[in-house]
Amino acid sequence: MEHAKEYGNFINGEWVEAANRKTLQLLNPASGEALATIAASGPADADRAVRAADAALEGWSSSTARERQELLLEFANRLRTRANDFAMLETLNNGKPIVEAVHFDLPNAISQFELFAGAPFSLSGSTHDFPDAIGLVHREPIGVCVQIIPWNVPLVMMAAKIAPALAAGNTLVLKPAETVCLSILAFIDEVKDIIPKGVVNIVTGSGAEIGESLVSHPLVSKVSFTGSVPTGQKILQYASKNLIPQTLELGGKSAQIVCPSANVDAAVEGAVMSTVLNKGEICLAGSRILVHETLRDEFLEKLKKGLERIRIGDPTQMSTQLGALASKVQFDKVSHYLQVGVDEGAKLLTGGERASGSELDRGYYVQPTVFIDVQENMRIAQEEIFGPVTCVLTWKDEAEAVRISNATSFGLAGGIWTRDLFQAHRIARGMKTGTIWVNRYYNMKEGIPIGGYKQSGFGREFAYQVLDAYTQTKSVILNLSDCELGIYNH
Ligand code: NAD
Numbered sequence: 108m109e110h111a112k113e114y115g116n117f118i119n120g121e122w123v124e125a126a127n128r129k130t131l132q133l134l135n136p137a138s139g140e141a142l143a144t145i146a147a148s149g150p151a152d153a154d155r156a157v158r159a160a161d162a163a164l165e166g167w168s169s170s171t172a173r174e175r176q177e178l179l180l181e182f183a184n185r186l187r188t189r190a191n192d193f194a195m196l197e198t199l200n201n202g203k204p205i206v207e208a209v210h211f212d213l214p215n216a217i218s219q220f221e222l223f224a225g226a227p228f229s230l231s232g233s234t235h236d237f238p239d240a241i242g243l244v245h246r247e248p249i250g251v252c253v254q255i256i257p258w259n260v261p262l263v264m265m266a267a268k269i270a271p272a273l274a275a276g277n278t279l280v281l282k283p284a285e286t287v288c289l290s291i292l293a294f295i296d297e298v299k300d301i302i303p304k305g306v307v308n309i310v311t312g313s314g315a316e317i318g319e320s321l322v323s324h325p326l327v328s329k330v331s332f333t334g335s336v337p338t339g340q341k342i343l344q345y346a347s348k349n350l351i352p353q354t355l356e357l358g359g360k361s362a363q364i365v366c367p368s369a370n371v372d373a374a375v376e377g378a379v380m381s382t383v384l385n386k387g388e389i390c391l392a393g394s395r396i397l398v399h400e401t402l403r404d405e406f407l408e409k410l411k412k413g414l415e416r417i418r419i420g421d422p423t424q425m426s427t428q429l430g431a432l433a434s435k436v437q438f439d440k441v442s443h444y445l446q447v448g449v450d451e452g453a454k455l456l457t458g459g460e461r462a463s464g465s466e467l468d469r470g471y472y473v474q475p476t477v478f479i480d481v482q483e484n485m486r487i488a489q490e491e492i493f494g495p496v497t498c499v500l501t502w503k504d505e506a507e508a509v510r511i512s513n514a515t516s517f518g519l520a521g522g523i524w525t526r527d528l529f530q531a532h533r534i535a536r537g538m539k540t541g542t543i544w545v546n547r548y549y550n551m552k553e554g555i556p557i558g559g560y561k562q563s564g565f566g567r568e569f570a571y572q573v574l575d576a577y578t579q580t581k582s583v584i585l586n587l588s589d590c591e592l593g594i595y596n597h
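Sequential numbering of the sequence shown, starting at 108, is according to my numbering.
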């Protein structure tokens, strides 16, 4: 796909360069090649974008449900019309296999726009009848929203953030990740003719440079953030300045519990998928596999075989199943954890090294890796690695499995593999986590909320529930007579 080689910020309906004229490069992590330059924005750009969003608020917040729906449906149409082009941009900048970009990222991004295209018509308040009064609860947009997203699934994240915010009548400033945002910038260029001026604004650059200016800007009423725990903690601090509400979607270290009655082949497939999908750079990854001890040998043999069959290579090839990690920073982080696991005394079932040889040497490739003999308190079993690295632990009884699954500071997702319906429900009740998939991991279904327990954050997205976070209510109580109460007349 032809894409611009230079992007500025998108503010008030136009591309503009950063006030300081600084730029950053977007790279292809599979080859090291430069893809485009983007604006390395500073506080002045944050201010300009927020002011544009604020100026557009009155108009957009009084738009009709049909106008909002039309915009979101047209976003979906334009993504779908050039889906293969956008998928390729996602692959070039992120390193994910094109087969995933085509079959996972694009359909999920499109479906967010279509899901929330229906929302404007169902957003309403309520009325309450009293003998002497009527209560009217109006639902109003919350205002200018700042949305900050990571680099792992940019189009999906963008859609999941901007669709509900716009459906609810808000204007926004989106800050994508500075390492991977080519697809987002190309998408905005594709739809710039239909975005009312100032309703959607994009500023690029380092979060450390502009994050605080965006979130703590006095004209901003809401922040929605997806990213790491340390940055989430900063967002809370910035948001405390003007006491604005936050939605935080943070990390995970999700468990998949494999029970004695499980279909082992399906569970192994789930473990393979969760190790390699998006190179393991998914907050929902089920990176701790808790296998019942009676299945251990069979499970490990099949898992090893499954992962050693995975085709690693050029992500632009349809046959590739594992691409390159998204950046050098991520590659270094994952490589560090491979060493930590060995130092902690875990054993490698497979992988454990950089994937190398010919074309792989140019990119940030890591072998699919499984650690076994893992203790639940090891760092590799506690900390989010965000790479193709999975730990296997074993358990004897159900209570132990549930306890181990909950023994982390995170609680984003989880999996249960069993043919015992009662057991599935018991374990699901016991797991302290936001989404649980039974007998199929990553079984993404439209309209189902996703979000975290514990340090995985708060607030739910990907579902109409998020509309509560993008609206506020106003209660109007209308007395049914205008007579005085008379309580101070004596
Ligand atoms: P990160 O927190 O470093 O960056 C995320 C975004 O925050 C980027 O746009 C970055 O520029 C910005 N940022 C960085 N410092 C900032 C600051 N001081 N103020 C404001 N913004 C700032 O995270 P990352 O390493 O890029 O992303 C990976 C993390 O994101 C993982 O921990 C992963 O679990 C998490 N994640 C969570 C979800 C979810 O839905 N829960 C989805 C994807 C990724």
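Think of the CB as a built atom: it goes at the ideal place given N, C-alpha and C, for glycine as much as any other residue.
Boundaries of the alpha helix (DSSP H) harbouring Asn184: 172-188, taken from the DSSP string. When rounded, the separation of the alpha-carbon atoms in Ile301 and Ala208 is 25 Å. Take Thr311, set aside five residues on each side of it, and the residues of its chain with a beta-carbon closer than 8 Å to its own are Tyr114, Asn116, Leu131, Ile145, Ala146, Ala147, Ser148, Lys282, Pro283, Glu285, Cys288, Leu292, in chain order. Here the distance from the Cβ of Thr476 to the nearest heavy atom of ligand 1 is not below 8 Å. With distances taken between CA atoms, Ser218 lies nearest to Phe182 out of Gln424, Ala156, Phe182, Cys252.
Residue pairing by DSSP places Asn586 opposite Ala240 in a beta bridge. Annotation: Leu467 to Arg567 spans about 38 Å, alpha carbon to alpha carbon.
Less than 9 Å divides the Cβ of Thr540 from the Cβ of Ser361. Bounds of the alpha helix (DSSP H) holding Ala373 are 371-383. Here Ile255 is near Gly314, since their CB atoms are less than 9 Å apart.
The three-state reading of DSSP puts Ser331 in strand, counting E and B together.
Here Ser233 carries a strand assignment [DSSP, helix/strand/coil].
According to the DSSP assignment, Thr497 belongs to the beta strand (DSSP E) that extends over 496-502. By alpha-carbon distance to Trp524, the top candidate from Leu273, Leu587, Pro227, Pro367 is Pro367. Pairing Leu429 with Ala570, the inter-Cα distance amounts to about 29 Å. Ala172 and Phe228 do touch by the CB rule: their CB atoms are close to 5 Å apart, below 8 Å.
The beta carbons of Leu357 and Gln562 sit about 6 Å from each other, so the pair counts as a contact at 8 Å. Taken in chain order, the whole beta strand (DSSP E) runs of length 3 or more contained in the stretch 232-310 are 233-237, 240-248, 251-255, 278-282, 307-309. In this structure, Thr354 has its beta carbon at no less than 8 Å from each heavy atom of ligand 1.
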